[in-house]
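**Student:** In case it helps, our numbering puts the sequence shown at residues 778 to 871.
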Amino acid sequence: MNKETIIAIPADPDDPEDFPVSVAGLERGLMGRRIRRLRNKLGLSQEAFARTYGIPLASIRQYEIGRHMPPPAVRAYLKVIEAEPEAAARAVAA
């Protein structure tokens, strides 16, 4: 089984608009939350974060809503931004 087929949170049977959430979906959502919190901690809008760190705005939006998981290189880069935001911004600007 893959993470898309394993259910992490079952749908509420009493809520016709609810749906089950897969393990992969939960992971994407948690990553989106982490990115949003980082961006907010830095005081940046999605547009400013994307411009400052050279990540496409459309990608930031997709990651934050949990539609897509950032690829491993972007996840590593986000760790660098989290640890050294000014250095990462300078490196992109150079």
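Even glycine gets a Cβ: it sits at the ideal position worked out from N, Cα and C.
So who's on the other strand from I858, going by DSSP bridges?
**Tutor:** Note: I858 sits in no beta bridge, so no partner.
**Student:** Which residues mark the beginning and the end of the alpha helix (DSSP H) in which V837 is found?
**Tutor:** This sequence places Ile at residue 837; Val is not what is there. L834 to E841 is the span of the alpha helix (DSSP H), which, as asked, contains I837.
**Student:** How long is the line joining the alpha carbons of I786 and A871, rounded to whole angstroms?
**Tutor:** Spanning the two alpha carbons is a distance of roughly 45 Å.
**Student:** Whose C-beta lies closer than 7 Å to the C-beta of Y840 among residues of the same chain, with five residues either side of it excluded?
**Tutor:** These residues qualify, in order along the chain: M808, G809, I812 and P847.
**Student:** Would V869 and G843 be called neighbours here (beta carbons separated by less than 9 Å)?
**Tutor:** No, Cβ-Cβ distance for V869 and G843 is not below 9 Å.
**Student:** Just to confirm the assignment, what range does the beta strand (DSSP E) spanning I784 have?
**Tutor:** Segment I784 to I786, the beta strand (DSSP E) holding I784.
**Student:** With a 10 Å radius around its C-beta and 16 neighbouring C-beta atoms as the bar for buried, classify G802 as buried or exposed.
**Tutor:** Label assigned to G802: buried.
**Student:** Could you tell me whether the segment 815-832 touches the segment 853-864, where touching means 3 or more Cβ pairs closer than 8 Å?
**Tutor:** Contact between the segment 815-832 and the segment 853-864 is present, because at least three Cβ pairs lie under 8 Å.
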